[in-house]
Amino acid sequence: MVIFWGWPELGIRPWTQVLEENGRVRWPERQPFAFWKGKRNELLRCNASSSGQEWNARVFTQDWNHAIRNGFKDSRIPKQCNYRYKVYVEGNAWSVSEKYILACDSPVLFITTPFQDILSMGLVAGEHYWPINRDHVCESIKFAVDWGRTGLGQ
1 MVIFWGWPEL GIRPWTQVLE ENGRVRWPER QPFAFWKGKR NELLRCNASS
51 SGQEWNARVF TQDWNHAIRN GFKDSRIPKQ CNYRYKVYVE GNAWSVSEKY
101 ILACDSPVLF ITTPFQDILS MGLVAGEHYW PINRDHVCES IKFAVDWGRT
151 GLGQ
């Protein structure tokens with residue numbers, strides 16, 4: 001059972017602890033890339049390539065069997081909040097990660113979807129998240145991060 005304020009089975013701490021840990025690294029000191037970790041392997045093409053193409057994304061696969069054996073050490077939410085931008089994409093069902101991604105206090109790059117859940121219904125593009133074009137994901141992520149970098153001093 002998923003409980004709204006935490007998920008102890010996966011090592012996700014209560015909400016107040018997650019927020020405290022997220023606040024330890026100020027936004028300008030975070031890694032200047034978009035971060036995503038999960039099972040959507042098509043996003044792996046947005047990592048920097050051997051051809052020299054930099055998409056400004058750091059994408060990692062999530063192996064839940066390994067995470068369980070490892071005590072979820074590599075899946076800690078605050079560790080994932082050390083990036084300036086967070087990517088959110090829904091899978092085949094609602095993802096509990098949405099609220100934790102929003103809690104990182106980093107701009108959320110939300111890959112557009114025709115579906116809405118209880119949390120996303122109240123979100124406004126350009127105010128609560130930056131919409132990412134599903135048909136041009138890597139290019140859209142790069143544009144958003146580049147745009148954010150140019151306005152960093154403002």
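Just so we're aligned, residue 1 is where the sequence shown starts under full-length UniProt numbering, counting upward by one.
We put the beta carbon where it would ideally sit given N, CA and C, even for glycine.
Residue i versus residue j - alpha carbon distance
{"i": "Pro-131", "j": "Gly-151", "result": "18 Å"}
{"i": "Arg-45", "j": "Leu-102", "result": "24 Å"}
{"i": "Asp-117", "j": "Gln-53", "result": "34 Å"}
{"i": "His-128", "j": "Asp-74", "result": "27 Å"}
{"i": "Trp-27", "j": "Glu-139", "result": "23 Å"}
{"i": "Ile-3", "j": "Leu-43", "result": "Model confidence at Ile-3 stands at a pLDDT of 47, short of 50, so the residue's coordinates are unreliable and nothing is read from them."}
{"i": "Arg-149", "j": "Tyr-85", "result": "11 Å"}
{"i": "Cys-104", "j": "Trp-147", "result": "19 Å"}
{"i": "Asn-70", "j": "Trp-36", "result": "20 Å"}
{"i": "Ala-48", "j": "Lys-99", "result": "27 Å"}
{"i": "Trp-64", "j": "Ser-51", "result": "30 Å"}
Beta carbon of residue i nearer than 9 Å to that of residue j
{"i": "Lys-142", "j": "Trp-55", "result": "yes"}
{"i": "Gly-38", "j": "Ser-97", "result": "yes"}
{"i": "Ala-34", "j": "Val-87", "result": "yes"}
{"i": "Val-137", "j": "Pro-32", "result": "no"}
Secondary structure of residue i, DSSP reduced to three states
{"i": "Pro-131", "result": "strand"}
{"i": "Ala-48", "result": "coil"}
{"i": "Ile-141", "result": "helix"}
{"i": "Pro-107", "result": "coil"}
{"i": "Gln-80", "result": "helix"}
{"i": "Arg-58", "result": "strand"}
{"i": "Gln-17", "result": "helix"}
{"i": "Gly-126", "result": "coil"}
{"i": "Lys-86", "result": "strand"}
{"i": "Gly-148", "result": "helix"}
Whole-Å CB distance - residue i paired with residue j, under 8 Å assumed
{"i": "Arg-40", "j": "Val-89", "result": "6 Å"}
Closer than 9 Å to chain B by CB, residue i
{"i": "Glu-98", "result": "The chain labelled as chain B is not found in the depicted structure, where only one protein chain is given."}
Check whether the segment 46–62 and the segment 112–122 touch, using three or more Cβ-Cβ pairs below 8 Å as the test. no
Is it the case that the segment 20–32 contacts the segment 73–83, given that we only count it when at least three CB pairs across the two stretches are under 8 Å? yes
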